[in-house]
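So the sequence shown is numbered by full-length UniProt numbering: it starts at 1 and just counts up by one.
Here a beta-carbon is modelled for each residue, glycine too, at the ideal position from N, C-alpha and C.
Remember, predicted model here, so these are calculated numbers, not experimental data.
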Amino acid sequence: MAETATLWAPRSAWAGIAQAGQIGAAGPAGVTATLLDGFGLATLIAAPGGAPALSQAVEGRLGIALPATPKIVSGVSHDAIWSGPDQWLLRAATRDGFSGLLEALSAQAAVSDQSDARAAMRLSGPRVREVLAKGVMLDLHPAAFAVGDTALTSVAYIGVHLWRLADGPDGSVFEIMVARSMVGSFWSWFAASAAEFGCQVSIDRSTGRG
């Protein structure tokens, strides 16, 4: 009996939902959206009273401390993103960026690999705040939401994790992470919201980090 080729293969969270190209108004894009693939992601929940020890362990291995407030801290190859009291997301530049790390941290925390459970996109451009203002119920003015700030909020009734990175050539840069199961609904909102200003969409399959 001939063997049937397996269909089990990695599949982007954005596959069949979004693609590279221009959406909305023609001309210079007011917003640039980069769909991020290829990153590793894990949740860390410290044991009761164990946050200091966990942060020390992470810093010893990665050179970054776990933020105690809603911030993102970036190192050479990993990001630590606050996601609640004594809870963090740990993002690696590649899917294999946790080799041996998660096992080593399991003594100080509940650890779960989430690399296939979330989708992320990076947003920039002169109209980026106007697009986000259509759904994000937060004040994203630079004086209120600084570089490195992060927030758990909702967009069109969809839970999202949002943070601000260092400014780029075309102004402020934000990243948004959403549960994979909600990517279709989130993209429908985003595409409709960004169309007014024109949006250039690209896909970064090399890494999920800025």
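Please report the distance separating the alpha-carbon of Ala-20 from that of Lys-134.
Reading the sequence shown from its first residue, position 20 is the one you call residue 20. Reading the sequence shown from its first residue, position 134 is the one you call residue 134. Looking at the two C-alpha atoms, the distance is approximately 23 Å.
In terms of residues, what are the limits of the beta strand (DSSP E) holding Gln-200?
By 1-based counting over the sequence shown, the position of residue 200 is 200. Residues 199-204.
Span of the beta strand (DSSP E) around Trp-163:
Counted from its first residue, the sequence shown places residue 163 at position 163. Note, Trp-163: beta strand (DSSP E), 158-168.
Which same chain residues, not among the five before or five after Leu-62, have their C-beta less than 6 Å away from its C-beta?
Here residue 62 is taken as the residue at index 62 of the sequence shown, counted from 1. Result list for Leu-62: Gly-75 and His-78, in chain order.
What are the start and end residues of the beta strand (DSSP E) that includes Glu-175?
To locate residue 175, count along the sequence shown from 1; it is residue 175. Looking at the DSSP string, the run of the beta strand (DSSP E) that includes Glu-175 is 171-179.
Curious, which full-length alpha helix (DSSP H) runs of at least 4 residues does the region 59-141 contain?
101-105 and 128-132
Three or more C-beta pairs below 8 Å linking the region 95-110 and the region 14-31:
no
On the criterion of 16 or more Cβ atoms from any shown chain inside 10 Å, does Arg-11 qualify as buried, or is it exposed?
Here the question's residue 11 lines up with position 11 in the sequence shown. It is exposed - the Cβ of Arg-11 has fewer than 16 other Cβ atoms within 10 Å.
Gln-56, DSSP secondary structure in three states:
Indexing the sequence shown from 1 puts residue 56 at position 56. In this structure, Gln-56 counts as helix in the three-state DSSP scheme.
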